[in-house]
Amino acid sequence: MAIARPIPDLNDRPYFHPDFLTHRWEVWGVWGVWEVWGERFLPHPPTPPTLLDFSLVRNPGHKAFVAVYNQRMQKLTITRPDDWHLHLRDGAALKAVLPFTVRQFARAIIMPNLKPPIRSVADAACYRDRILAAIPEGQQFEPLMTLYLTDNTSPDEILRAKESPFIKAVKYYPAGATTNSDSGVTDILKCDRVFEAMQQVDMPLLLHGEVTDNDVDTFDREKVFIERHLIPFKQRFPNLRVVLEHITTSDAVQYVLSANTIAATITPQHLLFNRNALFKGGLRTHFYCLPILKREEHRQALLQAATSGNPKFFLGTDSAPHTRTSKESSCGCAGCFSALHALELYAEAFESVKALDKLEAFASFYGPDFYQLPRNTERITLSKTTWRVPDEVPFMESGLVPLGAGQEMTWQMV
Ligand code: DOR
Ligand code: ZN
1092 MAIARPIPDL NDRPYFHPDF LTHRWEVWGV WGVWEVWGER FLPHPPTPPT
1142 LLDFSLVRNP GHKAFVAVYN QRMQKLTITR PDDWHLHLRD GAALKAVLPF
1192 TVRQFARAII MPNLKPPIRS VADAACYRDR ILAAIPEGQQ FEPLMTLYLT
1242 DNTSPDEILR AKESPFIKAV KYYPAGATTN SDSGVTDILK CDRVFEAMQQ
1292 VDMPLLLHGE VTDNDVDTFD REKVFIERHL IPFKQRFPNL RVVLEHITTS
1342 DAVQYVLSAN TIAATITPQH LLFNRNALFK GGLRTHFYCL PILKREEHRQ
1392 ALLQAATSGN PKFFLGTDSA PHTRTSKESS CGCAGCFSAL HALELYAEAF
1442 ESVKALDKLE AFASFYGPDF YQLPRNTERI TLSKTTWRVP DEVPFMESGL
1492 VPLGAGQEMT WQMV
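In my numbering, the protein residues as written are 1092 to 1505.
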């Protein structure tokens, strides 16, 4: 059980607990929390730690044995999270993937890039009904709907959306940027009247932040979008609340930190993998998503942002199911499916930088705070258990390959 780790210097803070021989011990409030919470001393951890094993060492400064926590956290209980960026599709695909999200999340912001897209409040109402009908018996889930912005969206539609109780944002896809974005916006300047209305009624705008220009390298498309479009846009609409979705670069992190009324979602794939994952031993289409995975330095910047405790960065999986055959094709679709194990993936990422104590706020607090919705009250638990991500889950005619299929995970939701 014991993991070889440097033993903290106990001379200043000797600790002898009468129960230590039982090898079971409540650690709430003692300095051992230092070890429990990712090697940071946190006097008030957000969740009471559970029982831990410990080993005994001789403390040279004192004539007694002392107990040292030498084990990482075994359980993590946090407020039930929400997914602030999710693709559910429709029909049989919706029925196949929704139960995974419902198991982990209380609510999700539902992407409108269906075929045809969700362009009006009426479209969103019908789509919402189909989602509600697909929720497994006896389970709770609240879909938060979005509208798909086109060159022809009217300011009146924004006013109607604002009046509807379930539309929470409008999604901007640059035409041709990604899956089902053909009806997206051809020029951001064409929508200024709509943005004006959104700013006026305080309707958040969700950005797929990439340019589509052929002369811009795929790996630079987010950075160039920020420079060419987002910075001028924010100057025109300083009070319009914006989420820069699925950020992938240190440039995006820097921009979000520097600007007002803008937040960002971060996916598990961009926290866990860099672009080498796309090419390891061959072409790995299941790691292909848009914006594409970037260099390691960008992954590090995202990890830093996600675990910084800054409320501008919150969870959005961008879980985007595509059949195995549509991924493993000469023109494979963009999208990683992570709804199966999203929280476990985030836990791995946060633990890798010893920041599990920051997971709850990232996953469960900052999203609702941005959207001005109440935080959830229910709680969920992850336990330290080794398991393997399945190679495939049933989906349509050819199955669905989850992110990191076949890889070992060390956290599991119970
Ligand atoms: O990888 C992606 N897949 N990025 C997107 O922006 C869309 C998504 C999808 O709908 O498949
Ligand atoms: Zn998406």
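For each residue, glycine too, the CB sits at the ideal point set by N, CA and C.
Looking at Leu-1167 and Thr-1408, is the spacing between their C-beta atoms short of 8 Å? The residue given as residue 1408 occupies position 317 in the sequence shown. The residue given as residue 1167 occupies position 76 in the sequence shown. Cβ atoms of Thr-1408 and Leu-1167: not closer than 8 Å.
Lys-1281 to Asp-1242, Cα distance in whole Å? Along the sequence shown, read from residue 1 onward, the residue named residue 1281 stands at position 190. Along the sequence shown, read from residue 1 onward, the residue named residue 1242 stands at position 151. If I take the Cα positions, the gap works out to 6 Å.
I need the straight-line Cα distance from His-1320 to Ile-1279, nearest angstrom please. Along the sequence shown, read from residue 1 onward, the residue named residue 1320 stands at position 229. Along the sequence shown, read from residue 1 onward, the residue named residue 1279 stands at position 188. Taking the straight line from one Cα to the other gives about 8 Å.
Determine, using beta-carbon pairs with one atom in the stretch 1384–1395 and one in the stretch 1410–1426, whether at least three such pairs fall under 8 Å. These segments do not touch.
Beta-carbon separation (whole angstroms), Val-1334 vs Phe-1316, contact threshold 8 Å: The residue labelled residue 1334 in the question sits at position 243 within the sequence shown. The residue labelled residue 1316 in the question sits at position 225 within the sequence shown. That belief does not hold up - the Cβ atoms of Val-1334 and Phe-1316 are roughly 14 Å apart, past 8 Å.
Under a three-way DSSP split, which group does Gln-1360 fall into? The sequence position of residue 1360 within the sequence shown is 269, counting from 1. If DSSP states are grouped into helix, strand and coil, Gln-1360 belongs with the helices.
Nearest by alpha-carbon distance to Arg-1171: which of Phe-1486, Pro-1493, Leu-1491, Leu-1450 is it? Within the sequence shown, numbered from 1, the residue matching residue 1171 stands at position 80. Checking every option, the nearest Cα to that of Arg-1171 belongs to Leu-1450.
Is Leu-1434 buried or exposed, if buried means 16 or more other CB atoms sit within 10 Å of its CB? Sequence index remark: in the sequence shown, residue 1434 carries index 343 (1-based). Buried: at least 16 other Cβ atoms inside 10 Å.
Unbroken stretches of the alpha helix (DSSP H), 4 residues or longer, contained in the stretch 1438–1462: Annotation note: the stretch 1438–1462 contains the following uninterrupted alpha helix (DSSP H) runs of length 4 or greater, listed N- to C-terminal: 1457–1462.
Our contact map puts Leu-1363 next to Glu-1439 with C-beta atoms below 8 Å; I'd like the distance itself, whole angstroms only. Taking the first residue of the sequence shown as position 1, residue 1363 is located at position 272. Taking the first residue of the sequence shown as position 1, residue 1439 is located at position 348. The beta-carbon distance between Leu-1363 and Glu-1439, rounded to whole angstroms, is 7 Å. This is short enough to meet the 8 Å contact definition.
Using the DSSP secondary-structure output, state which residues sit across from Ser-1410 in a beta bridge. Along the sequence shown, read from residue 1 onward, the residue named residue 1410 stands at position 319. Under DSSP, the beta-bridge partners assigned to Ser-1410 are Leu-1177.
Complete runs of the beta strand (DSSP E) confined to the stretch 1174–1225 [at least 3 residues]: Runs found: 1174–1177, 1198–1201.
For ligand 1, any of its heavy atoms closer than 7 Å to the Cβ of Leu-1436? Numbered from its first residue, the sequence shown carries residue 1436 at position 345. In this structure, Leu-1436 has its CB at a distance of at least 7 Å from all heavy atoms of ligand 1.
Could you check what DSSP says for Gln-1395 in three-state terms: helix, strand or coil? Within the sequence shown, numbered from 1, the residue matching residue 1395 stands at position 304. Three-state DSSP puts Gln-1395 in a helix.
Determine which residues share a DSSP beta bridge with Lys-1475 and list them. Position 384 of the sequence shown, counted from the start, is the residue given in the question as residue 1475. For Lys-1475, which the question treats as bridged, DSSP gives the partners Trp-1502.
Does the distance from the C-beta atom of Pro-1246 to that of Ala-1288 stay below 8 Å? What you label residue 1246 is simply residue 155 of the sequence shown in a count that begins at 1. What you label residue 1288 is simply residue 197 of the sequence shown in a count that begins at 1. Less than 8 Å divides the Cβ of Pro-1246 from the Cβ of Ala-1288.
Given a threshold of 16 other Cβ atoms within 10 Å of its Cβ, counted over all protein chains shown, does Asn-1351 qualify as buried or as exposed? Along the sequence shown, one-based indexing puts residue 1351 at 260. With fewer than 16 other Cβ atoms within 10 Å, it is exposed.
Cβ-heavy atom distance, His-1413 to ligand 2, below 7 Å: For this step, residue 1413 is matched to residue 322 along the sequence shown. Because no heavy atom of ligand 2 lies under 7 Å away, the Cβ of His-1413 does not count as near it: no.
Note down, one range per segment and in chain order, each beta strand (DSSP E) of at least 3 residues found wholly within the stretch 1265–1344. Counting only runs of 3 or more, we get 1296–1298, 1333–1335.
Whole-angstrom distance between His-1337 and Arg-1386, CA atom to CA atom: To locate residue 1386, count along the sequence shown from 1; it is residue 295. To locate residue 1337, count along the sequence shown from 1; it is residue 246. For Arg-1386 and His-1337, the distance between alpha carbons rounds to 15 Å.
With DSSP run on the structure shown, which of helix, strand or coil describes Tyr-1346? Looking up residue 1346 in the sequence shown gives position 255. Judged by DSSP in its simplified three-state form, Tyr-1346 adopts helix.
Taking all protein chains shown into account, decide if Asn-1367 is buried (16 or more other Cβ within 10 angstroms of its Cβ) or exposed. Taking the sequence shown and counting its residues from 1, one reaches residue 1367 at position 276. Exposed, because fewer than 16 other Cβ atoms sit within 10 Å of the Cβ of Asn-1367.
Backbone CA spacing between Pro-1227 and Lys-1259 [nearest angstrom]: Your numbering for residue 1227 matches position 136 in the sequence shown. Your numbering for residue 1259 matches position 168 in the sequence shown. Cα-Cα distance, rounded: 24 Å.
CB of His-1361 to nearest heavy atom of ligand 2: below 7 Å? Locating residue 1361 in the sequence shown gives position 270, where the first residue counts as 1. No, since every heavy atom of ligand 2 falls outside the 7 Å radius drawn around the Cβ of His-1361.
Identify whether Lys-1403 lies in helix, strand or coil by the three-state DSSP scheme. The sequence position of residue 1403 within the sequence shown is 312, counting from 1. In the three-state reduction of the DSSP assignment, Lys-1403 falls in the coil class.
Among Glu-1488, Thr-1270, Pro-1493, Ala-1252, which residue has its Cα nearest to the Cα of Pro-1207? Start at 1 with the first residue of the sequence shown, and residue 1207 comes out as number 116. Residue Thr-1270 is the option with its Cα nearest to Pro-1207.
How long is the line joining the alpha carbons of Pro-1359 and Gly-1497, rounded to whole angstroms? As a working note, residue 1359 is residue 268 in the sequence shown. As a working note, residue 1497 is residue 406 in the sequence shown. Going by the C-alpha atoms only, they are around 16 Å apart.
Straight-line gap, Gly-1495 to Ser-1272 (C-alpha atoms, nearest Å): If you number the sequence shown from 1, residue 1495 lands on position 404. If you number the sequence shown from 1, residue 1272 lands on position 181. Rounded to the nearest angstrom, the two C-alpha atoms are 26 Å apart.
For Leu-1494, name the three-state secondary structure that DSSP assigns. Residue 1494 sits at position 403 when you count from the first residue of the sequence shown. When secondary structure is reduced to three states using DSSP, Leu-1494 falls in the coil class, being assigned neither helix nor strand.
Answer with yes or no whether the minimum CB distance from Ala-1197 to chain B is below 8 Å. Included in the structure is just one protein chain, with no chain B present.
Among Arg-1210, Met-1236, Gly-1400, His-1432, the one whose alpha carbon lies nearest that of Asp-1220: Residue 1220 sits at position 129 when you count from the first residue of the sequence shown. When only C-alpha atoms are compared, the closest one is Met-1236.
Looking only at DSSP bridge pairs, what is Pro-1549 linked to? In the structure displayed, the chain extends from 1092 to 1505; residue 1549 sits before or after that span and is not available.
State the Cα-Cα distance for the pair Glu-1318 and Ile-1200, rounded to the nearest angstrom. Within the sequence shown, the letter at position 227 stands for residue 1318. Within the sequence shown, the letter at position 109 stands for residue 1200. Spanning the two alpha carbons is a distance of roughly 27 Å.
Could you tell me if Cys-1380 is buried or exposed, where buried requires 16 or more neighbouring beta carbons within 10 angstroms of its beta carbon? Here residue 1380 is taken as the residue at index 289 of the sequence shown, counted from 1. The residue in question, Cys-1380, is buried, as its Cβ has 16 or more Cβ neighbours within 10 Å.
Classification of Asp-1283 by the beta-carbon crowding that lies within 10 angstroms, buried from 16 upward: If you number the sequence shown from 1, residue 1283 lands on position 192. So Asp-1283 ends up on the exposed side.
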